[in-house]
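Notes for the one structure printed next.
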Amino acid sequence: MAEFEVRHSGDRTWTLDLDASTTRVLVNGFQSWSEGELRALSDVQPRPALVWMQEHGHDVGFLPGSDRPGGEAGVWRSHTLIALVRPDGGGYVGCSQDETRSAAHWEARAGDGHVTLRLEVEGPELPLVFTETDDVIAAVEALSASLGEAMHARTPAPLRVWCSWYSYFRTVTLANMLDNAERSRDKALPFDVFQLDDGFQADLGDWTRPAAHFGGHARDLPAQLGALGYRSGIWIAPFLAGPNSDLFRAHPDWMLKTEGGQPMPIGNNWGGAYYALDTTHPEVLDWLRELAREVVGWGYSYLKLDFLFAAAMPGVRHDPGRTRTEAYRMGLEALRAGAGDETFLLLCGAPLASSIGIADAMRTGPDVSPIWDDESRRVLLQDGTGPSARNAVHTSLSRWYQHAWYQPDPDVMVARRELSLLNAAERHTLLGLLDVIGGLRASSDPVALLDDEGLILLRRALEVSVPDRPTTLTTSLGDAVTHFTRGRFNLFDIPRDGIPAHGYQEATHV
Ligand code: 9PG
Numbered sequence: 193m194a195e196f197e198v199r200h201s202g203d204r205t206w207t208l209d210l211d212a213s214t215t216r217v218l219v220n221g222f223q224s225w226s227e228g229e230l231r232a233l234s235d236v237q238p239r240p241a242l243v244w245m246q247e248h249g250h251d252v253g254f255l256p257g258s259d260r261p262g263g264e265a266g267v268w269r270s271h272t273l274i275a276l277v278r279p280d281g282g283g284y285v286g287c288s289q290d291e292t293r294s295a296a297h298w299e300a301r302a303g304d305g306h307v308t309l310r311l312e313v314e315g316p317e318l319p320l321v322f323t324e325t326d327d328v329i330a331a332v333e334a335l336s337a338s339l340g341e342a343m344h345a346r347t348p349a350p351l352r353v354w355c356s357w358y359s360y361f362r363t364v365t366l367a368n369m370l371d372n373a374e375r376s377r378d379k380a381l382p383f384d385v386f387q388l389d390d391g392f393q394a395d396l397g398d399w400t401r402p403a404a405h406f407g408g409h410a411r412d413l414p415a416q417l418g419a420l421g422y423r424s425g426i427w428i429a430p431f432l433a434g435p436n437s438d439l440f441r442a443h444p445d446w447m448l449k450t451e452g453g454q455p456m457p458i459g460n461n462w463g464g465a466y467y468a469l470d471t472t473h474p475e476v477l478d479w480l481r482e483l484a485r486e487v488v489g490w491g492y493s494y495l496k497l498d499f500l501f502a503a504a505m506p507g508v509r510h511d512p513g514r515t516r517t518e519a520y521r522m523g524l525e526a527l528r529a530g531a532g533d534e535t536f537l538l539l540c541g542a543p544l545a546s547s548i549g550i551a552d553a554m555r556t557g558p559d560v561s562p563i564w565d566d567e568s569r570r571v572l573l574q575d576g577t578g579p580s581a582r583n584a585v586h587t588s589l590s591r592w593y594q595h596a597w598y599q600p601d602p603d604v605m606v607a608r609r610e611l612s613l614l615n616a617a618e619r620h621t622l623l624g625l626l627d628v629i630g631g632l633r634a635s636s637d638p639v640a641l642l643d644d645e646g647l648i649l650l651r652r653a654l655e656v657s658v659p660d661r662p663t664t665l666t667t668s669l670g671d672a673v674t675h676f677t678r679g680r681f682n683l684f685d686i687p688r689d690g691i692p693a694h695g696y697q698e699a700t701h702v
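In terms of the working numbering, the sequence shown opens at residue 193 and continues consecutively.
So this is what it looks like as structure tokens:
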């Protein structure tokens with residue numbers, strides 16, 4: 193057993209005595225939506241074809257796969273943690289032990305009779321453990337736990353959340369929120385929080401000005417939800433600014449910039465390009481602190497902070513001495529300071545390890561959607577970060593060990609049958625996902641659409657559980673971690689081992 197517990201900076205390479213043709217690799221994508229996977233090392237790691245997908249699903253500073261166009265068989269990249277698994281369940285695990293200032297990027301490369309593993313530390317040196325083990329599952333859990341401890345992970349009790357996004361999207365109204373909360377109260381559904389998502393605001397950055405269609409102001413909601421017995425939650429993307437927003441017009445100097453000194457578009461959503469705040473700018477940090485303070489002052493005790501990767505994008509900053517990780521963390525700390533210690537912060541679209549200690553909960557996969565797969569984006573465009581039930585299950589399962597970093601949020605259950613293309617097996621799989629991950633519980637189903645069967649399914653989804661563990665990483669039914677002590681997932685498109693396509697089967701206990 194070779195264990196290195198050292199501080200690392202720059203690059204370092206290990207040559208490992210592994211048969212590349214039988215080795216499997218467990219990788220962790222950079223942010224919430226980036227793929228987590230368990231694959232044969234000899235496979236080609238998918239690398240999104242389109243720039244906007246690279247920007248808003250991955251780390252553009254260290255993209256998945258190799259830099260060769262079309263990728264390269266046997267080259268796999270991972271962030272923070274990587275595991276190489278032998279057919280006997282042993283292998284190698286590397287995990288950084290502090291990502292407050294620096295980021296650990298890993299690249300495994302299949303060689304002839306060996307595997308090379310390269311570590312690239314972006315930023316000042318960081319503590320790191322790299323170990324050979326006869327039990328990769330246990331080593332992954334131990335090293336992720338020690339990273340969580342070192343960064344003072346917050347793991348409060350999981351909450352049960354109703355969220356407006358997956359049914360109402362950007363057309364959500366104040367009346368939709370109250371209607372669902374009232375129906376939920378009448379049916380005694382055990383939600384803790386009703387969370388308003390994207391759509392209430394006038395523009396990206398103009399969070400305190402309501403959208404015309406919303407039919408009120410977000411600050412009017414908490415008192416009414418409180419009267420129904422629910423806490424209030426709200427979504428904001430605090431590091432973003434739309435090009436037509438008051439924020440952008442008033443403070444173009446607050447934006448992350450190009451080498452030419454212009455505000456840098458960092459992604460494309462909401463029908464156009466969007467920009468990022470420069471979180472090394474002291475005025476931006478004041479603004480973020482005040483924003484969080486104001487929203488909490490409206491009566492919201494749960495904030496879903498989204499598109500947070502924006503603050504960690506490469507670009508020209510006010511303080512060029514800060515690493516991307518530090519810049520991100522400064523922005524996050526300002527939000528936490530303004531929101532207060534008691535406010536529950538769910539992070540989304542967020543760099544994972546560098547959020548530990550500030551996040552209460554973290555989205556650990558792409559968005560669930562009421563459709564199993566989005567093959568055109570996932571297969572043709574090589575991007576598994578888009579919304580789909582399959583993508584959400586795939587990635588969240590492959591990050592099971594991250595419960596030591598924050599409360600994982602594998603995203604919503606879809607219990608309804610109307611407005612959904614999921615079949616019964618796929619709904620059961622989402623239920624299984626929530627059970628084995630053991631983190632946050634959420635639903636976006638319009639309560640009025642749920643019949644008796646739907647309500648039973650939803651109540652089951654809201655039953656909090658403790659995280660489960662995988663039984664093996666040497667085999668799987670799909671390209672993810674699929675075998676857990678409580679049951680197995682079949683992510684294939686055909687029945688396998690007696691489990692329906694896209695299904696979940698509970699373990700039978702004798
Ligand atoms: C609001 C939504 C919801 C959702 C978040 C986030 O890859 N994409 O194109 C992509 C678009 C939206 C998105 C994630 C990925 O959703 O995860 O829960 O809050 O924003 O706009």
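Where a beta carbon is used, it is the ideal one built from N, C-alpha and C, also for glycine.
Is G532 helix, strand or coil by DSSP?
coil
For ligand 1, is there a heavy atom less than 7 Å away from the beta-carbon of G397?
no
Measuring straight from C-alpha to C-alpha, what distance separates T674 and G624?
11 Å
Is the separation between the beta-carbon of M554 and that of P600 shorter than 8 Å?
yes
Can you give the Cα-Cα distance for H694 and L649, rounded to whole angstroms?
17 Å
Pick out whichever of L230, H405, P455 and Q387 has its Cα sitting closest to the Cα of I428.
Ranking the options by Cα distance to I428, first place goes to Q387.
Can R633 be considered in contact with ligand 1, in the sense that its beta carbon sits closer than 7 Å to one or more heavy atoms?
no
Nearest to A373 by CA position, among R652, D280 and R423, is which residue?
That would be R423, whose Cα lies nearest to the Cα of A373.
Suppose you measure from the CA of L320 to the CA of P512; what does that come to, to the nearest Å?
26 Å
Quick one: residues in its chain with C-beta nearer than 6 Å to the C-beta of D627, no 5 flanking neighbours on either side, listed in chain order?
S657
Does any heavy atom of ligand 1 sit closer than 7 Å to the C-beta of R555?
Distance from the C-beta of R555 to the nearest heavy atom of ligand 1 is below 7 Å.
Tell me whether the beta-carbon of D140 lies closer than 8 Å to the beta-carbon of C540.
With the chain covering only 193 through 702, there is no way to say anything about residue 140.
By the three-class DSSP mapping on this structure, what secondary structure does G459 have?
strand
Contact criterion: CB-CB distance below 8 Å. Does V267 meet it with respect to chain B?
In summary, chain B is missing from the structure at hand, where a single protein chain is found.
Compare the beta carbon distance of A607 and D637 with 8 Å and say whether it is the shorter of the two.
In this structure, D637 lies closer than 8 Å to A607 by Cβ.
Could you tell me which residues DSSP puts in a beta bridge with L538?
K496 and A553
Express the C-alpha separation of S437 and C355 in angstroms, rounding to a whole number.
25 Å
Buried or exposed: where does L439 fall if 16 or more other Cβ atoms within 10 Å of its Cβ makes it buried?
With 16 or more Cβ atoms within 10 Å of its Cβ, L439 is classed as buried.
Hey, R293 and E525: beta-carbon distance below 8 Å or not?
no
Please state whether the Cβ-Cβ distance between S590 and L230 is less than 8 Å.
yes
Please report the straight-line C-alpha distance between L233 and G507, rounded to a whole angstrom.
33 Å
Let me know the alpha helix (DSSP H) ranges lying completely inside the region 314 to 356, each 4 residues or longer, listed in chain order.
Whole alpha helix (DSSP H) segments, 4+ residues: 328 to 342.
Quick check: what's the CA-CA separation for R651 versus S359?
18 Å
Going straight from the alpha carbon of L417 to that of W592, what length do you get?
33 Å
Straight-line CA distance for V364 to A616?
28 Å
Does M193 pass the burial test, meaning 16 or more other C-beta atoms within 10 Å, or should it be called exposed?
Confidence at M193 is low in this model, with a pLDDT of 40, below 50, so its placement is unreliable and no value can be given for it.
Drop a sphere of 10 angstroms on the beta-carbon of I686, count the other beta-carbons inside from all chains shown, and report buried for 16 or more, exposed for fewer.
exposed
Where does M193 sit, in a helix, a strand or coil, going by DSSP?
Bear in mind that a pLDDT of 40 at M193, under 50, signals an unreliable position, so the number given afterwards is only what the model happens to contain. In this structure, M193 counts as coil in the three-state DSSP scheme.
Can you find a heavy atom of ligand 1 that lies under 7 Å from the Cβ of T666?
no
Just checking W225 against ligand 1 - is the residue's beta carbon closer than 7 Å to any of the ligand's heavy atoms?
W225: yes, Cβ under 7 Å from ligand 1.
Considering only residues of the same chain and omitting the five flanking positions on each side of M245, which have a CB-CB separation below 6 Å?
D575
Do F431 and L500 have their CB atoms nearer than 8 Å?
yes
Rounded to whole angstroms, how far is the Cβ of T323 from the Cβ of V285, which I believe are closer than 8 Å?
6 Å
Please confirm whether D552 and H510 have their CB atoms less than 8 Å apart.
Going by C-beta atoms, D552 is not nearer than 8 Å to H510.
Which residues does DSSP list as the beta-bridge partners of A607?
BP columns for A607 are empty, so no partner.
For I691 and L614, what's the separation of their Cα atoms in angstroms?
16 Å
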